[in-house]
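Engineer:
Number of protein chains: 2
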Amino acid sequence: MECFASRDWVRRAFGRAGRASVGATFALYCALMLTSALTLTMSGCASTGATQTASADPLPSWNDSAPKHAIEKFVADVTHDGSPNYVPPEQRIAVFDNDGTLWSEQPMPVQLVFLLDQVKAQAPNHPEWKSNPAYKALVDHDASALAAHQKQLLQLIALANSGMTTDEYDQTVRDWLASARDPKTHRPYTELVYQPQLELLAYLRANGFKTYIVSGGTIEFMRPWTEKVYGIPPEQVIGSSQVVKYELRDGKPVLLRMPKLDFVNDGAGKPVGIYRNIGRRPILAFGNSDGDLQMLEYTAGGSGESLELLVHHDDAAREFAYDRDSRMAKLDKAWDEALAHGWTVVSMKSDWNTVYPAAKQ
Amino acid sequence: MECFASRDWVRRAFGRAGRASVGATFALYCALMLTSALTLTMSGCASTGATQTASADPLPSWNDSAPKHAIEKFVADVTHDGSPNYVPPEQRIAVFDNDGTLWSEQPMPVQLVFLLDQVKAQAPNHPEWKSNPAYKALVDHDASALAAHQKQLLQLIALANSGMTTDEYDQTVRDWLASARDPKTHRPYTELVYQPQLELLAYLRANGFKTYIVSGGTIEFMRPWTEKVYGIPPEQVIGSSQVVKYELRDGKPVLLRMPKLDFVNDGAGKPVGIYRNIGRRPILAFGNSDGDLQMLEYTAGGSGESLELLVHHDDAAREFAYDRDSRMAKLDKAWDEALAHGWTVVSMKSDWNTVYPAAKQ
């Protein structure tokens with residue numbers, strides 16, 4: 000998803016009109032909050048997709064249309080020893096955006112729900128917040144008051160999500176995901192991942208690809224569950240991050256979360272994150288918004304064959320419909336580039352016969 | 000290796016007395032230069048160690064002494080299903096310092112040799128350097144003049160190693176390694192890796208471990224050769240880094256190297272680098288100097304069984320002898336901690352029957 004077009008999240012989050020004007024601090028923190036993603040109940044999360052390969056067709060949730068054909072053709076081409084486009088396994092790097100590409104990001108990115116919940120959860124430790132207008136607006140669901148106190152709200156978010164060790168925060172994310180539910184479907188957020196993408200991830204791995212997440216969301220919020228849900232281990236999750244500081248606490252080595260941004264892995268930051276963490280140029284990239292444009296460009300700019308894909312959210316009945324005019328996760332420039340360069344645009348409505356996995360019992 | 004005790008590298012590099020006083024800029028850049036590592040001829044580099052496992056003993060270059068026993072006992076314990084200390088494969092993370100742990104770092108870290116060579120190589124593009132006192136001192140091997148112009152030298156190094164794309168720089172490293180030779184042995188630097196460590200890396204991988212480099216050296220200088228030499232792919236190389244910037248150059252997406260440090264992966268930076276890139280706490284860590292202390296502490300601080308090791312350079316005949324009093328890569332505090340906590344100290348002289356692999360024909 001694309002963050003910087005999402006500055007009116009306060010209004011969206013609370014369903015009423017807010018002010019769109021925000022400062023640089025917000026724009027930065029916005030990347031942490033709004034480009035983030037996912038949820039899951041660690042105990043009852045969605046399958047990893049590995050089980051999806053049991054059928055003869057490894058991509059049964061993909062309709063028999065152009066995107067599926069493009070994927071199958073590409074994979075066959077780069078994995079066939081003898082093909083002029085053969086790519087050795089160690090170079091088969093596939094990168095996926097998370098929010099809006101692997102799971103739903105509407106009506107509000109899951110990490111933002113979590114961050115706001117953390118403010119409420121931390122409130123008992125901060126009696127002084129009771130008189131903070133942003134905190135009052137938050138608990139009162141008062142969008143216009145929140146809009147008027149955005150800066151204070153961001154400070155509260157930064158404070159509520161800092162100061163603990165990385166291990167403590169990891170547990171907080173796990174606990175939250177275990178109980179949080181999507182208000183519309185009442186399902187754990189981690190069940191609102193896209194079944195066709197679970198199949199695609201498993202299909203790529205079965206063909207020797209290494210699959211990565213490259214998200215504007217923070218690594219801390221994704222790593223606790225991506226292995227179980229997507230089959231993507233923590234070391235293959237690239238995201239935004241806060242500064243952490245090493246220290247001995249009562250003789251025990253810990254990493255402490257500081258209330259400061261370290262890296263924003265969005266837009267032009269995505270190729271940088273890929274370079275820093277992988278050091279190879281991907282040959283397949285999958286996104287859904289303008290925040291993924293540079294990642295797709297970078298992938299397309301490699302010397303060999305590559306495949307670039309975009310999810311087009313055009314399915315209001317089964318998920319959501321948003322693209323050029325969306326204020327959050329806009330798909331505009333990247334769509335133009337896709338049309339100009341022959342990138343594959345996947346219509347959720349036409350190309351996927353299933354959106355979400357079946358609910359767990 | 001440990002960087003910040005190495006401030007007199009100018010004197011060491013040129014064999015005469017220099018001044019040890021340096022500023023913060025130098026201290027930072029020092030981390031880039033002095034904690035860096037390795038070399039290799041891409042065409043004729045050392046074997047990956049995978050071939051070492053052909054013999055019945057996977058660690059033939061290790062003497063039958065305490066460190067070898069400790070390694071074998073640990074690996075057996077964490078890999079034996081049913082052991083109370085069993086660790087599932089995905090959590091078997093092993094981290095290795097590079098300079099002085101996987102290859103030699105004396106008399107001068109290889110990356111520093113490279114960085115200085117780059118200044119000379121870039122000089123034709125900078126006619127103004129002819130009147131630069133640091134440049135003159137460099138080409139004249141005038142240590143006292145260099146000591147007097149350290150700041151200018153660092154500026155030259157930063158300029159000579161920036162401004163190009165990451166792909167161009169990658170090629171520069173490959174080209175340099177293909178022709179550079181260690182002045183004493185006349186061997187490619189990449190043959191001056193430690194044979195026992197090649198065997199250990201292969202042994203760990205054969206037992207389901209994922210092996211990582213965690214070095215103060217820069218990722219850009221290591222990634223071009225670590226897969227071929229150590230069997231460690233680019234995405235498992237964690238190091239210091241310069242800032243890179245994404246841009247379209249004549250429509251082609253590139254990452255441009257900026258003359259600015261991004262991250263210093265040394266000392267307390269090593270656990271941070273591990274967290275950022277892996278997101279799991281290692282269960283085995285191997286270093287050789289005080290710059291590795293926090294990495295070992297962090298590993299030891301995990302909840303399960305772990306193994307911490309240090310190479311002790313006590314073999315002046317076959318390699319070098321340096322520890323507590325060394326100004327470069329000092330082993331002092333980490334040694335005390337090893338003794339206090341029962342970490343394994345590996346004597347190069349007593350515990351390794353071979354240091355370097357046989358020279359390639």
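First to last, the sequence lines map onto chains A and B. Going by numbering that gives the first Met the number 0, the first residue of the first sequence is number 0, and it counts up by one from there. Going by numbering that gives the first Met the number 0, the first residue of the second sequence is number 0, and it counts up by one from there. Quick reminder that beta carbons are idealized off the backbone N, C-alpha and C, glycines included. Quick caveat, the model's predicted, so the values are computed rather than measured.
(1) Have a look at Ser64/A and Gly99/A and give me their C-alpha separation to the nearest angstrom.
(2) For the beta strand (DSSP E) that Val263/B lies in, which residues bound it at each end?
(3) Around the C-beta of Asp265/B, are 16 or more other C-beta atoms found within 10 angstroms, so that it is buried, or is it exposed?
(4) With burial defined as no fewer than 16 other Cβ atoms inside 10 Å of the residue's Cβ, what is the status of Ala142/A: buried or exposed?
(5) If you drop the 5 nearest sequence neighbours on each side, which residues of the same chain put their C-beta closer than 8 Å to that of Gly300/A?
(6) With DSSP collapsed to three states, give me the class of Ile237/A.
(7) When we look at the beta-carbon of Gly268/A and count the other beta-carbons within 10 Å, is it buried (16 or more) or exposed?
(8) For Leu255/B, I'd like the list of residues in its chain whose CB is within less than 7 Å of its CB, leaving aside the five on either flank, ordered along the chain.
(9) With a threshold of 16 other CB atoms inside 10 Å of the CB of Pro187/A, please say whether the residue is buried or exposed.
(10) Would you kindly check if the distance between the Cβ of Leu309/A and the Cβ of Phe372/A is under 8 Å?
(11) Could you tell me whether the Cβ atoms of Val236/A and Ile218/A are closer together than 8 Å?
(12) How would you label Glu104/A, buried or exposed, when you count the other beta carbons within 10 angstroms and need 16 or more for buried?
(13) Could you list which residues in chain A have their beta carbon closer than 7 Å to that of Tyr274/B, in chain order?
(14) So, does the CB of Lys251/A fall closer than 8 Å to a CB anywhere in chain B?
(15) Classify Cys44/B: buried if its beta carbon has 16 or more other beta carbons within 10 angstroms, exposed otherwise.
(16) Measure from the C-beta of Ser288/B to each C-beta in chain A and report whether the shortest distance is under 8 Å.
(17) Nearest by alpha-carbon distance to Leu145/A: which of Lys183/A, Leu115/A, Leu176/A, Leu203/A is it?
(18) Residues of chain A with CB closer than 8 Å to the CB of Arg222/B, please, in chain order.
(19) Measure how close the beta-carbons of Phe220/A and Gln110/A come, nearest whole angstrom, since I'm counting them as under 8 Å.
(20) Tell me, please, whether the CB atom of Asp195/B is closer than 8 Å to any CB atom in chain A?
(21) What residue range does the alpha helix (DSSP H) around Lys269/B cover?
(22) Quick one: residues in its chain with C-beta nearer than 6 Å to the C-beta of Phe208/B, no 5 flanking neighbours on either side, listed in chain order?
(23) With a threshold of 8 Å between beta carbons, is Glu336/B in contact with chain A?
(24) With distances taken from CA atoms, which of Tyr321/A, Tyr274/A, Ala177/A is nearest Tyr297/A?
(25) Is Leu39/B helix, strand or coil by DSSP?
(26) Between Gly14/A and the rest of its own chain, which residues show a CB-CB distance below 8 Å, the 5 nearest in sequence each way excluded?
(27) Under 7 Å between beta-carbons, which chain A residues line up against Ala267/B? List them in chain order, please.
(28) Using a C-beta to C-beta distance shorter than 7 Å, which residues of chain B count as neighbours of Gln110/A?
(29) Verify whether the separation of the beta carbon atoms of Ala157/A and Pro258/A is less than 8 Å.
(30) Run the CB neighbour count on Val271/B, radius 10 Å, all protein chains shown included, and call it buried at 16 or more, exposed below.
(31) Is the beta carbon of Ser60/B less than 8 Å from the beta carbon of Glu190/B?
(32) Indicate whether Gly290/B and Gly230/B have their beta-carbon atoms separated by less than 8 Å.
(33) By Cβ distance below 6 Å, which residues in the same chain neighbour Pro195/B in space, the five residues on each side in sequence not counted?
(34) Looking only at DSSP bridge pairs, what is Lys227/B linked to?
(35) What's the call for Gln121/A, buried or exposed, on a 16-neighbour Cβ count within 10 Å?
(36) So, does the CB of Ile282/A fall closer than 8 Å to a CB anywhere in chain B?
Structural biologist: Here's the rundown:
(1) So the alpha carbons of these two residues sit roughly 21 Å apart.
(2) Unbroken run through Val263/B: none, as it is neither H nor E.
(3) With 16 or more Cβ atoms within 10 Å of its Cβ, Asp265/B is classed as buried.
(4) So Ala142/A ends up on the buried side.
(5) If we look at Gly300/A and ignore the five residues flanking it on each side, its Cβ neighbours are Arg280.
(6) Here Ile237/A sits in strand by DSSP.
(7) Classification of Gly268/A: buried, given that the 10 Å Cβ count is 16 or more.
(8) Answer for Leu255/B: Thr164, Val243, Lys244, Glu246, listed in chain order.
(9) Around the beta carbon of Pro187/A, a 10 Å sphere encloses 16 or more other beta carbons of the protein chains shown; the residue is thus reported as buried.
(10) No answer is possible for residue 372/A: it lies beyond the span of chain A, which begins at 0 and ends at 360.
(11) Result yes, Cβ atoms of Val236/A and Ile218/A sit closer than 8 Å.
(12) The residue in question, Glu104/A, is buried, as its Cβ has 16 or more Cβ neighbours within 10 Å.
(13) Chain A residues near Tyr274/B: Thr165, Val243, Leu254.
(14) Closer than 8 Å: yes.
(15) Unreliable positioning characterises Cys44/B in this predicted model, as indicated by a pLDDT of 31, which lies under 50. The coordinate reading is nonetheless provided below. Taking all protein chains in view, the Cβ of Cys44/B is crowded by 16 or more other Cβ atoms within 10 Å, so the residue is classified as buried.
(16) No, no contact with chain A.
(17) Out of Lys183/A, Leu115/A, Leu176/A, Leu203/A, Leu115/A has the C-alpha closest to the C-alpha of Leu145/A.
(18) The answer, in chain order, is Gly278.
(19) Rounded, the Cβ-Cβ distance is 5 Å, consistent with contact.
(20) With the sequence shown as reference, residue 195/B is identified as Pro, and Asp is not the correct amino acid for it. Taking 8 Å as the CB threshold, Pro195/B stays off the interface with chain A.
(21) Where Lys269/B is concerned, the enclosing alpha helix (DSSP H) stretches over 268 to 276.
(22) Once the five neighbours on either side are set aside, the close Cβ partners of Phe208/B are Arg91, Ala93.
(23) Closer than 8 Å: no.
(24) Residue Tyr274/A holds the alpha-carbon nearest to the alpha-carbon of Tyr297/A among Tyr321/A, Tyr274/A, Ala177/A.
(25) Caution applies to Leu39/B, whose pLDDT of 24 falls short of 50 and renders its modelled position unreliable; the model cannot decide the point.
(26) Only weak support exists for where Gly14/A lies, its pLDDT of 35 falling under 50; the coordinates are left without a value.
(27) The answer, in chain order, is Tyr245.
(28) Correct list: empty, because the minimum Cβ distance to chain B is about 16 Å.
(29) The Cβ atoms of Ala157/A and Pro258/A lie closer than 8 Å to each other.
(30) Buried, because 16 or more other Cβ atoms sit within 10 Å of the Cβ of Val271/B.
(31) Taking 8 Å as the Cβ cut-off, Ser60/B and Glu190/B do not qualify as a contacting pair.
(32) No.
(33) Excluding positions up to five away in sequence, the list reads Ser60, Trp61, Trp351.
(34) In the DSSP output, where bridge partners are listed per residue, Lys227/B has none listed.
(35) Looking at its Cβ environment, which holds 16 or more other Cβ atoms inside 10 Å, Gln121/A is buried.
(36) Cβ-Cβ to chain B under 8 Å: no for Ile282/A.
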